[in-house]
Amino acid sequence: MIRARTTWAAATAVLTLVGIAPAAAHADPRPPGSSSTAPVRTAPTDTADLPPGWRITGTGGAAALEWRSPRPVPPGDARVEFHTDGRRLGVPEPDDDGKTFRLPLKDVPAAALESPSGLQVRAAGRRLDGDPGAAARERRSTAAPPAKLPPLLPAGAVDPGRPGRFATTTGEYTLDPVELPGLPAPVEMRGVVVAPKGATGKRPLALFLHGRHATCYVPGQDEESVTIDWPCADGARPIPSHRGYLQDQKLLASQGYVTVSISANGVNGQDAVVEDGGAQARSSLVRAHLARWADWAAGTSAAPAAVGRGPRADLSRVLLVGHSRGGEGVARAAMDSLYPPPASQDARPGRARWTIRGTVLVGPTAFGQNPVPDVPSLTVLPGCDGDVSDLQGQLYVDGTRGVSRGRALHSAVHITGANHNYFNSEWTPGLAEAPASDDFWEDPESPDPVCSADSPTRLTAAQQHRAGATYVAAAARLFVAGDDRVRELIDGTGRRAPSADPARVLTHAVGAGRGAGFLPDDGVRVTGGRLCSAVDPDPAVACLDEETQGASPHFAYWWPERETGRSAVALAWTAPGTATRVRPGTPLSLKGADSLALRVIVPPGSTGTRLDVSLTDAAGRRVTLGSVRADGLPGSERTASYWAQELRVPLTAAGRAGLDLRRVTALELTPRSHAGRAWLMDAHAWHPGTPRVRPAPLARVDVGRTTVEEGDSGMRTYHVPVRVSGKGTGTVRMYVMEPDGTAAEERLVTVRSGRPFTDVTVKVTGNKRYGGDVYHDLWVKAVHGSVVGSYAGGVTVEEDDPMPEISVTPVADEVTEGQPLRWRVSLSEPADMDLGTLLVAVPDDSRPELSTKDVDHDWLLETVGEVPDGEVPLSRLDWFALWASVPAGETDTEVTVPTVGDEIAEPTEYIGFQGTDEWGRPQGPPLTGAVLDAS
């Protein structure tokens, strides 16, 4: 990701004519994916209580809570979100300057403004506002030293990173663009092909999809020319993000694979207008390319020259590789290929003529947290990811447990010292055609001990890309070629691929050769420790509280502030010997397994955590299997290093002791190290092998959104549109949300293909007063026997009454110093929400202006948050504007400028204001206030 601006030249030009900063302009529509909250009452007229960088802007229905960053926020794959006291407020809309973000004020609960100190700006858990290094500097004297690098593991039996025997050929194709549902402009159909030379017969196909990055740049210009528009403006060129995986493609092609990397700039430049962040559009684009490849392989249409130079592709053996939002896109494409989405949401309806054998997801987003359980996957987690920094892609592993048969391998590959961008050479400084940057930002005053560029634990761009290519090839060799010797490199066995050196890579997995398991679900009983929740605002319930330095990929935030069904077992001890016992609801069978595989988190930087592992059977026999040991990953407050390591203990001791492995009733973990903490994610029976995967018949759920008018009278009942398709019966968890963003109802729902979803209704009462749009949301997540495509939807109630006209008239616009200037803000009729206007000061060099020395100091401090030294005209202050709000049910209010008297003789001083409409454009005539000298 790099700096970018969305072009908004017309609005900026209008504002500039009247001397209003472009930051005052913003769009009224609620951003897709933003919190569903009711129209709020008002913002406080003084914004001094807001943290630095925050203010209220706009007028009427377009009034917004705004945050402005002191530096550009590069467009990336993680969503920028506003939070307060651990709760998500919504997804703000970015301005064209790359620094300013606004959330409609009607989407902000009143409590967030009454206690604004908790306001935060986050992206994938990463804090964007405030001084990034302040907390670290405060703790510098007491912080523990960073952990050493993970050990260099023994080499595996095979090394998939070694080039194969084929030379390669490279070319590109460009087809007619396609229209995708929800996106205004067509999307390009462009791909770069790398294929083996001299390979005979049909060859497997690997398709790459890049993530959300800036789309356009101007050759010869710096980062300020970079935008995230689509199509690109005249004089700008598309950024060739699809060419960033040539190293990976050439490695696979040398091993006999046909590869194509496709361009998705058209999705990147438009995905802010769709609720799912573009996941369905990316899936449609991937499958549009696959459909063309299926035609070319079948000979039903002429292949482009770039395709014809290589061997014919075997569409029964397809690997999908996606980076960042491209990872979520290829995961959705794998789902859609097995369980087709609704035609209204999809540009590629019809039967899939290909088989997805596996997916590779590199630093992926997981906005929906709904993985595909029966398609094997490998998820790369970059330890220094500065974009998707919470490593939410971990949910592509954890989220598959118990959903289907559990035979597909789902692997997490943690690479210490890797950032987000350098897996793509077109996002890498020094290699990219367009301006590029390191996504892990530097704080010169407080270098990160793990991820700063000069840290010994940080990888160079070349080392990182080589490691990434190696593990892409490992997935291809296991998922597509079926070489089980590769499995030990990615399933937690503890072997390395030498081609990835010097990268330190740790892995764990679920599925494949794992059988029955101890899962921290609702049926388990825990003694000696506690069953904790991945997402809960109560620190006594949460696995990690807000004060924890660093984060855990396993506990990545979804949408509700409190989630059910995502748990772990938390252990804490102050001396050796304090056992934690985990009892499943029914006895488990571990018969036939070689080992018990535990996934255990220990704190970053910790060393020497040792746990004895014991089992008890139904007859009460207890056997200690052995001990496991773990050291924490290198981590800092800015990394998600609370990550589970796979620890295996053989079951041989249980067999020797006569333990009935068919009926195991308890797992016991006993610390043998001094005081410490640990979290058990799960424990499974393990034996080697990669079983064949046959997708189960699963029910598919897709939530839609319907938009209705409020009406003038009466009560109407509307139904949230939910489609259930696929095959079979399953369960999902649904969250019905109140308009203020809190969960009104959360429960498990049984779904059956072809049967209606449980009826979720919304009651709407009509009236003839303006009150703004209201959003009633429904969120759904798969639990068992199901997949979820479109996970969010609901009912949007559009305001159908006109907004009252707003006018501003003088009450006292010529006063003697020491008296207040006053204007009345009036509505043509009352409204059901607070409405107002923003009066922006307009510079005037033709006559003396009212300055910072002419008004009440405390009032000015409350208005702008910071008063500069010396005497400065009010119109020249960065944050000076007057917000006037008429309370709901009333028709007028007053806005004042309190002046102060002095004994200095001076001429009459003036201040000019310009009202703005809901789009930030000039509204009504300019206003002038005059302050006469009293001496």
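The opening position of the sequence shown corresponds to residue 10 in our numbering, with each subsequent residue numbered one higher. Note that the Cβ used here is the ideal one computed from N, Cα and C, for glycine as well. Treat the numbers as computed from the prediction; the structure is a model and nothing was measured.
Can you give the Cα-Cα distance for residue i and residue j, rounded to whole angstroms?
i, j, result
"L620", "P163", "23 Å"
"P40", "P113", "Caution is warranted here: a pLDDT of 34 is assigned to P40, below 50, making its placement in the model unreliable, and the coordinate value is therefore given only provisionally. P40 and P113: Cα-Cα distance of roughly 9 Å."
"D231", "V295", "32 Å"
"L883", "W239", "39 Å"
"T805", "S353", "18 Å"
"R534", "V745", "29 Å"
"D942", "E915", "6 Å"
"E181", "E233", "29 Å"
"D865", "Y779", "36 Å"
"R647", "L404", "20 Å"
"P612", "V327", "39 Å"
"S333", "G798", "18 Å"
"L634", "S645", "34 Å"
"P931", "V873", "21 Å"
"G538", "L869", "54 Å"
"I815", "R221", "40 Å"
"T618", "D640", "6 Å"
"H517", "L607", "9 Å"
"S722", "K777", "7 Å"
"V792", "G737", "14 Å"
"S615", "T557", "14 Å"
Would residue i pass as a contact of residue j if the rule is Cβ separation under 8 Å?
i, j, result
"A303", "L324", "yes"
"A708", "G735", "yes"
"G416", "G287", "Before going on, a small fix: residue 416 reads as Arg here, not Gly. Against a cut-off of 8 Å, the Cβ pair of G287 and R416 comes out as no contact."
"P585", "L347", "no"
"G803", "D786", "yes"
"E93", "G127", "Here residue 93 is Thr; the residue named in the question, Glu, does not match the sequence. For T93 and G127, yes; Cβs fall inside 8 Å."
"P680", "T587", "yes"
"D493", "T699", "yes"
"A627", "P596", "yes"
"G720", "V773", "yes"
"P385", "L418", "yes"
"R199", "S310", "no"
"G574", "A694", "no"
"L216", "L158", "no"
"L668", "T589", "no"
"Y254", "N433", "yes"
"L515", "H423", "yes"
Pick out whichever of the options has its Cα sitting closest to the Cα of residue i.
i, options, result
"V89", "V834, R131 and K777", "R131"
"T937", "H866, T902, V864 and R831", "R831"
"D355", "Y480, G338 and Q401", "G338"
"K211", "A512, P444, E572 and Y266", "Y266"
"M690", "F376, V316 and L580", "L580"
"G359", "I365, R366 and P351", "P351"
"D810", "D822, G798, T818 and G775", "G775"
"L676", "L599, A485 and A73", "L599"
"S604", "D554, T502, P896 and T618", "T502"
"N379", "T268, L390, D448 and R341", "R341"
"I920", "T908, S270 and P931", "T908"
"E807", "E718, D853 and G207", "E718"
"T841", "R505, M724, V895 and T905", "The amino acid occupying residue 841 in the given sequence is Asp; Thr does not appear at that position. Measuring from the Cα of D841, the nearest candidate turns out to be V895."
"E754", "G879, W363 and V771", "V771"
"V769", "T583, G750, M743 and S762", "M743"
What distance in whole Å lies between the Cβ atoms of residue j and residue i, which are believed to be in contact at a cut-off of 8 Å?
i, j, result
"P382", "T409", "4 Å"
"G77", "G62", "The question names Gly, yet the displayed sequence has Arg at residue 77. That belief holds up - the Cβ atoms of R77 and G62 are roughly 5 Å apart, short of 8 Å."
"V235", "G367", "At roughly 34 Å, the Cβ-Cβ gap does not stay under 8 Å, so V235 and G367 are not in contact."
"D457", "D396", "No, D457 and D396 are not in contact; Cβ-Cβ is about 15 Å, not under 8 Å."
"P84", "A245", "15 Å between Cβ atoms; not a contact."
"V710", "V760", "6 Å"
"V495", "V282", "Contact doesn't hold; Cβ gap of about 41 Å is too wide."
"T740", "V729", "T740 to V729, Cβ: 18 Å. No contact."
"L370", "G392", "That pair is no contact at about 16 Å."
Exercise. Of all the alpha helix (DSSP H) runs that stay within the bounds of the stretch 611 to 684, which reach a length of 4 or more residues?
Worked result: 661 to 665
For this session: Could I get the ranges of all uninterrupted alpha helix (DSSP H) runs contained in the stretch 847 to 906, with 4 residues as the minimum, in chain order?
Result: 866 to 873
For this session: Kindly provide the ranges of any beta strand (DSSP E) runs that are 3 or more residues long and lie completely inside the stretch 348 to 407, ordered along the chain.
Result: 365 to 371 and 386 to 391
Problem set entry | Contiguous beta strand (DSSP E) assignments of at least 3 residues, all confined to the stretch 443 to 523 | 514 to 519
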